[in-house]
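Residue numbers (the numbering used here): 202 to 339.
C-beta atoms are modelled at their ideal positions from N, C-alpha and C, and glycine is treated no differently.
Right, dumping it as C-alpha cells:
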C-alpha cells in the first residue's frame, strides 16, 4: 500500500510542478490590436478605430497601444491607416481612385485628404498617397 500512496503523491507533485511551469512560461497579457476593415458599402467601428466604405471604396484601420485611426473611402479609393502608440493619430479620406497608406507612431499625426498632399507631424510617421502622388514623413 505504501507504494500506491507514494505513486499517487508523486503524480500529484508532478502535476502541480507542470502546472506551475506552464503558468510561469505563459506570456504576459497584452491588448490585442484593433482591426477595422471596410469592404465596399460597409462600416466598422471599435473604440480606437473607425472605417466607412462607400459602394466602391475599400478601407482599413489598425490601432494598438492607444493609437486612433479613422478612414473613409469611395470612388475606387483604398486608404489604410495604422496608428501604434500613445497619441498616434491617423485620419484618411479616399476620394479618388488609388491606394493610400498612413502610419503613425507615438505622438505622431498623419492626415491624408486625397486632394492635397499628406501631412505628417509629431513623432515618427509616414504616408504615401497614390491619389495625389505625394507623400510625407516625420
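Any chain D beta carbon closer than 7 Å to residue i
i, result
"residue 237", "No chain D appears in this structure, which consists of one protein chain only."
Close Cβ partners of residue i (< 7 Å) along its chain, the five nearest in sequence each way excluded
i, result
"residue 246", "237"
"residue 293", "272, 280, 282, 301, 303, 313"
"residue 298", "276, 277, 278"
"residue 323", "308, 309, 310, 339"
Minimum C-alpha distance to residue i - residue among the options
i, options, result
"residue 305", "314, 316, 321, 299", "321"
"residue 332", "265, 326, 295, 235", "295"
"residue 248", "339, 265, 326, 307", "265"
"residue 233", "315, 288, 267", "267"
"residue 241", "252, 319, 257", "257"
"residue 325", "335, 286, 334, 315", "286"
First through last residue of the beta strand (DSSP E) which encompasses residue i
i, result
"residue 300", "299 to 305"
"residue 236", "235 to 239"
Residues of its chain near residue i, where Cβ-Cβ distance is below 6 Å and the 5 sequence neighbours each way are ignored
i, result
"residue 255", "275"
Three-state class that DSSP yields for residue i in the structure shown
i, result
"residue 251", "strand"
"residue 331", "coil"
"residue 287", "coil"
"residue 260", "strand"
"residue 282", "strand"
"residue 326", "strand"
"residue 268", "coil"
Proximal residues to residue i (C-beta, below 8 Å), its chain only, five neighbours per side dropped
i, result
"residue 269", "249, 250, 284, 289, 290, 291"
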